[in-house]
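Chains as they are written, first to last, in our numbering: chain A, 1 to 221; chain B, 1001 to 1482; chain C, 2001 to 2318; chain D, 3001 to 3264. We put the CB at the ideal spot given by N, CA and C, even for glycine. Here the structure comes first, spelled out in structure tokens, and everything after it is commentary.
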Amino acid sequence: MDQRLIFDIAHLLAGGLVLISFLLLYQDRMFGLLNMFALHAFVLSLSVAWQAFAQDAPHLYITAAIALCLKAIVIPMLLRRLVVRLDIHREIETVGGIGLTMLFGIGLVALSMVVMLHVTEGADRLAREDLALALSVVLLGFLMMVTRRNAVSQVVGFMSLENGLILAAAGAKGMPLVVEMSIAFSVLVAFLVIGIFLFRIRERFDTVDMHALDRFRGERT
Amino acid sequence: MIAFSLDGLALILLIPAVSAAVLLTLPGYVVTSKLNVLASFLTLVAALSLLWRRPEGGLLLHVDDLNIVFIVLNTFVGFTTSAFSASYISHEVEIGRLTPAYLRFYHAMYQALMFEMNLALVANNLGLMWVGIEFATLTTVLMVGIYRTPEALEAAWKYFILGSVGIALALFGTILLYLAAKPLPGMEIEAMAWTKLMPRADTFDPALLNLAFVFLLLGYGTKVGLAPMHGWLPDAHAEGPTPISAVLSGLLLNVALHALLRFKMLLAANGKAIAPGPLMIAMGLISLLFAALMLYRRRDIKRMFAYSSIEHMGIIAFAFGMGGPLANFAGLLHMTMHSLTKSAIFFSVGHIAQVKGTQKMTEIGGLTETHPVLGWGLVVGVMAIAGLPPFGIFMSEFLLVTSTFARQPMLAILLVIGIILAFGALLQKLNTLAFGEPKGGLAPVEASYVPMFSHFALILAAGVYLPAELVAWFQNVARLLK
Amino acid sequence: MALILDIATQGAQMMLVLALAPLLTGFVRKIKARLLLRQGPPLLQPYRDLLRLVRKEVVLADNASWLFRTAPYLIFAATWVAASLVPTFAAGLMFSWAADLIAITALLGSVRFFLALAGMEIGTSFGGIDSSREAMFATLAEPAMIMMVFTVALLAGSTQLSTFSTYMASSDVGLRVSLALALVALIIVAIAENARIPVDNPATHLELTMVHEAMVLEYSGRHLAVIELAAQLKLLLYASLIACLFIPWGLAKPEANAGDLAIGAVTYLAKLTALGLMLGIFETAIAKMRVFRVADFLGIALMLGLLGTLLLFVSRSL
Amino acid sequence: MFQAVLVSPQLPQWGLKFFIPAVGAMMALAAALAVAYFVRMYGVAFLGRPRSQAALVANETDRWSLAAMALLALLCLLSGIFPGLLIDALAPVTTQLTSAHMPSQTSEILQSLVPISESRSSYNGLLVFIFISLSAAAAAFAIHRLATRSLRRGPAWDCGYPDPSPMTQYTAASFGQPIRRVFGTTVFRASEHVDMPSPGQTRPAVYEARIHDVIWETLYLPIAWTVEVLSKLLNKAQFLSIRSFLSLVFFALILLLLGLAIWP
């Protein structure tokens, strides 16, 4: 398998991840969002596995495995049960409409392309492409967190942002500790999910943020 | 892999880790609080031993001039806070605000936090430093939410979300830095070790370095509490238990700032990259002026001091942004003084809140009459934090303003305006709190005054006379910082 | 021998000043009466009044304190010293270098200070009315006086009175605008200080118009005599000041022989009569102002003084 | 000080040439005002009939505080009479400050103060003091000896209104009223308002004088106002929701990235 083909597949997978991030932004139903996120994690694990194969760095396989089983399967299923048990609001309210968010998303991707390509003339092509796409996934994840009102979709936004990071880490040739970091991150995410469950922030989070949560913000009472 | 010798470096990590594990198993908060104080004391002794016998750093952990300052400071304030938290927690349980069930992991988490902070400080490997700070965030989130009140939960959740986003950005910055270091195939592990990166800094790819510094500045800046990313800080301080507020503003902000300094040194070493100065100066000034103005309308005493922390972090960021030996010296001195003063203030505020049963400043008054020691402690603390002469903070602010005036008079004017604004607000609030006719309840509290007044003694000493080797120590670190 | 002569001339000056003061006031009253076509009191009437008052018994108010009884002598002494320092018939006398023009203004200020205090001593409201008005006039008159002193001192290069007169007598002074301004300012201040017509009517006892009278309302007997004499001395002081500064011809030189001294004395007397005449005419020609318009009147003096000094500061020629 | 003003025409700068006479006038005005308010203070406090019950029964303080006051007053008197000693004592200070000092004063025995030069002006405190005390003593002695010494106590002249109460005396405000009316309207924007009851009405007349502290109003209040407005404006930042804090960080990131993309 010559170098070009490897690069094309990696590029394809990363591009796919960006596309799915866009689809994540598009979702307006909760369960649709969770399925899309599962897909997102699945493509991520594929991409990391492929990077492992390309750089023949065995430890990356572990990261891919973690991404696959934890993020693609366990967490979406957990969130789905959570949404059902705590009957969290099924409708996803966005700030400023989906169309505008998508537009903004495209602008973000363009920005990350410009920034990354402008910045990394020195590095080799594979790393540059990977980083640019990873940055756009991160920015899209961030955008999702910023434009969503309810808690679960914000958490999903954060996890997609984190997927972007794992992609960047895997893309960085021979970066040590990637495995440890992905483990650390997954612990973080686990906390997120437990947090929702423990703190019973059903929908008192941002959907009704003007009344419920405001009441508890500092110095308001 | 690490030469496992029982030297100071290993000890300051082992003691908190082991004690955290031990405290996990023990029920009953009285025993654990005593153990907690003992463990912190041992860590302090280990850290002090580092002063004389400094082990040579490995790839993962190392001790150099920069982080020895923070290690000693952190362990000392950690020890005094643990002493304070012993009496604070026992009182909180008495009045029922905290049940032993909630406290089950409190002391374990405290020691875990100490472990993570020390890890982040001594980490030579940038990834390890990131993991340290990340887990420190997690533990403090759990501690902030310990009261289980709606406000505490909201504050914890906000802290968690903002913290993890910050951490994610910081991770992306670290990855970019790793790429900018253009590691040779065999030496990946060296490409993450800070001591190895420093000498090769000027070979890095400047543009990628800039991008990395942007992400790192925003990432770790969130943990430092600089202006645009400060959202979590006031509520976390106000809603969490006071020992945690003291730990947060005394230690955690310093650890994050230490990480930021590490990357600033890397950037400064590389000539072609953009100077990190202006960015940090801008962020510093914004947070200074923003926090100073926010002080005026605060109603909750701990939230007010949280904004004062943001303000001082702004001043410190400004100092390190200015660069140059004198400004860096002022910044380092200010960091030490700020963490000592702020934690002492939180000690007195903690007891005051317990005595008065509330944190609303409108319901607290006449402290110097009803509780002279606490009242005058608060007065001394606020005078110190506002930057009045006999204390250390004045010394560092004075050095900073003079050095800034010599180079950038316009910036110096903005700096002084910010300091004066904060000064006005603090004294205005202090007036109603400490003097005037007594208001609020008079619950009996056997407070531990030793930690508070030991801090004040140190600050006063630093304000009046800085021992020669301390100055020399700070100076060569300042040169290191360029 | 020369020392004794000097002391003698200085003593003569002091005695002359003391003797002439009541005469000048009597002369001015005589002129005003003559202008109003009435006979008017004889010239020596002030002397008789003083003697009568001195022999009268003093009636003191119940709560008058030591200040009330010592103030008159202090006021008299200060005014007498100030008057004797101003060169009358001869310049450069033995004690003339003891105090310059600024010191004399300060002495007059302290006189005013004691007079106002004495006025407030007795617990009636008349004393208060008058002291407050006196204080208000002082805040305007004294700066005007000092500005006048500045103008003249800048020209003559010194604040010594004798050097003033010798410089003014010398020809190189020439006609100057600032000097004219200073003269007008001095005249206005003199009128205000001595409570002449436009500022205050010396003849009446009407409470609302009183400025100087009310302060000395409670004095009687010898205290009143001493204060009256002090007031007359002050009038003479201002007259001799105007004479010495602005019409200095005929003043005897410091070591002059008897002949010059005699000429000096005669010219001084002529000057006094001329000034007295002008004052009499001025007083009958003008009516008394409301108290609060006096502030603008004195304000003019201050402005003129300031303008004079300003002009001198700016150019040597004006 | 006045001699200094007189010496200054040689100053080269034009601005100062105009400024110094004005300062001289201000100094003179200040001196005169000082006389006025000291008369007011001393008069209202110590002179006239006691204005309140406490004043009625007030008595002298102990000897020690009196002695302290007397000592300082004596020092003032002496430094007035022997200025030469004081000036020479301060000469080293002036030399250090301005590397020049007034000519030494204590040369002649009679120590007359010569600020600049003999011809220019001289003032002898001692001589004037002796002159005044001698002439005062002589006048008092002469009158007491030649004329009468008799003295009689009687009620003060009450202009037909029997036994006026101490309230009718001039208070500090009334003493200051003429000066306020002359200077106050310009400097302090003082305004007086008198509300006389129309004849037949029994209500008392109302007199109020309002004084504005001009410096406070023009300098300090605007600063306080801007800080107030700014802090009120920024206060909303405390109550932002989590999402808006996140968007703050997001826009900061975007801004910096844009900066990086465009600038270097």
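In DSSP terms, what residue i is bridged to
| i | result |
| --- | --- |
| Y3207 of chain D | D:V3194 |
| L2060 of chain C | D:R3153 |
| D1300 of chain B | B:K1360 |
| T944 of chain B | Since the first residue shown for chain B is 1001 and the last is 1482, residue 944 of chain B is missing from the structure and cannot be characterised. |
| A1502 of chain B | The question about residue 1502 of chain B has no answer, for chain B in this structure spans 1001 to 1482. |
CB contact below 8 Å: residue i versus chain D
| i | result |
| --- | --- |
| M1265 of chain B | no |
| R224 of chain A | Limits of chain A in this structure are 1 at one end and 221 at the other, which puts residue 224 of chain A out of reach. |
| V2266 of chain C | no |
| T2309 of chain C | yes |
| V137 of chain A | no |
| T1222 of chain B | yes |
| I2242 of chain C | no |
| V119 of chain A | yes |
Residue-level contact to chain C via CB, residue i, 8 Å cutoff
| i | result |
| --- | --- |
| N3059 of chain D | no |
| P3021 of chain D | yes |
| P3164 of chain D | yes |
Sequence-distant residues of the same chain with beta carbon closer than 7 Å to residue i, five excluded per side
| i | result |
| --- | --- |
| L108 of chain A | S136, L139, L140, L143 |
| K2271 of chain C | A2243, I2247 |
| K222 of chain A | An answer regarding residue 222 of chain A cannot be provided, because it is not within the stretch 1 to 221 covered by chain A. |
| G2280 of chain C | V2028, I2031, K2032, L2035 |
| T1139 of chain B | M1109, A1112, L1113, E1116 |
| A3172 of chain D | R3040, V3044 |
| A132 of chain A | S112, M113, M116, L117 |
Within-8 Å CB hit, residue i to chain B
| i | result |
| --- | --- |
| A168 of chain A | yes |
| F3267 of chain D | No information on residue 3267 of chain D is available, as it lies outside the stretch 3001 to 3264 that chain D covers here. |
| A190 of chain A | no |
| I3262 of chain D | no |
| D206 of chain A | Reliability fails at D206 of chain A, whose pLDDT of 43 lies under 50, so the model's placement of it is uncertain and the value that follows must be treated cautiously. Chain B, which has no Cβ nearer than 8 Å to the Cβ of D206 of chain A, makes this no. |
| L3151 of chain D | no |
| E93 of chain A | no |
8 Å CB neighbourhood of residue i in its chain, flanking five on each side removed
| i | result |
| --- | --- |
| G1008 of chain B | A1046, A1047, S1049, L1050, R1053, R1054, P1055, V1063 |
| L3255 of chain D | none |
| S2065 of chain C | E2121 |
| A2144 of chain C | A2185, I2188, V2189, L2298, A2301, L2302, L2304, G2305 |
Beta-carbon contacts of residue i that lie in its chain and below 6 Å, excluding the five residues immediately before and after
| i | result |
| --- | --- |
| T221 of chain A | Since pLDDT at T221 of chain A reaches only 43, below the 50 mark, its modelled position is unreliable, and no value is offered. |
| L1430 of chain B | V1382 |
Proximal chain D residues relative to residue i, where beta-carbon distance stays under 7 Å
| i | result |
| --- | --- |
| V1165 of chain B | L3246, V3249 |
Chain A contact residues for residue i, given Cβ-Cβ distances below 8 Å
| i | result |
| --- | --- |
| L3257 of chain D | L111, S112, V115 |
C-beta neighbour in chain A for residue i, strict 8 Å
| i | result |
| --- | --- |
| F1105 of chain B | no |
| A1425 of chain B | no |
| L941 of chain B | Limits of chain B in this structure are 1001 at one end and 1482 at the other, which puts residue 941 of chain B out of reach. |
9 Å Cβ cut-off: residues of chain D touching residue i
| i | result |
| --- | --- |
| E2142 of chain C | A3028, L3029, A3031, A3032, V3035 |
Report the residues of the segment 1203–1218 of chain B with a CB closer than 9 Å to any CB of chain D, ordered along the chain.
From the segment 1203–1218 of chain B, only P1206, A1207, N1210, L1211, V1214, F1215, L1217, L1218 have a Cβ closer than 9 Å to chain D.
Taking beta-carbon pairs under 9 Å, can you tell me which members of the segment 19–41 of chain A lie near chain D?
Within the segment 19–41 of chain A, no residue has a Cβ that lies closer than 9 Å to any Cβ of chain D.
For the segment 3214–3237 of chain D, which residues have a beta carbon sitting closer than 8 Å to at least one beta carbon of chain B?
Of all residues in the segment 3214–3237 of chain D, V3227, E3228, L3230, S3231, K3232, L3234, N3235, A3237 have a Cβ within less than 8 Å of some Cβ in chain B.
Which residues, in order along the segment 1289–1314 of chain B, keep a beta-carbon less than 7 Å from a beta-carbon of chain D?
Residues F1290, L1293, M1294, Y1296, R1297.
Using Cβ-Cβ distances below 7 Å, what residues of the segment 45–76 of chain A are close to chain B?
Near chain B, meaning a CB-to-CB distance below 7 Å, no residue of the segment 45–76 of chain A qualifies.
Mind checking the segment 141–156 of chain A against chain D and listing, in chain order, the residues whose C-beta falls within less than 9 Å of any C-beta there?
From the segment 141–156 of chain A, only F142, L143, M145, V146, T147, R148, R149, Q154 have a Cβ closer than 9 Å to chain D.
Chain-ordered residues of the segment 3130–3142 of chain D with a beta carbon less than 8 Å from chain B
Answer set for the segment 3130–3142 of chain D: empty.
Any residues in the segment 1381–1392 of chain B with a beta carbon nearer than 8 Å to a beta carbon of chain D? Which ones, in chain order?
Identification of residues in the segment 1381–1392 of chain B having a C-beta nearer than 8 Å to some C-beta of chain D yields an empty set.
Against chain D: residues of the segment 2072–2099 of chain C by CB proximity under 7 Å:
Listed by position along the chain: Y2073, L2074, F2076, A2077, A2078, W2080, V2081, F2095, W2097, A2098, A2099.
Near-chain D residues of the segment 2047–2062 of chain C (beta-carbon distance less than 7 Å), N- to C-terminal order:
Here the close residues are V2054, R2055, E2057, V2058, V2059, L2060, A2061, D2062.
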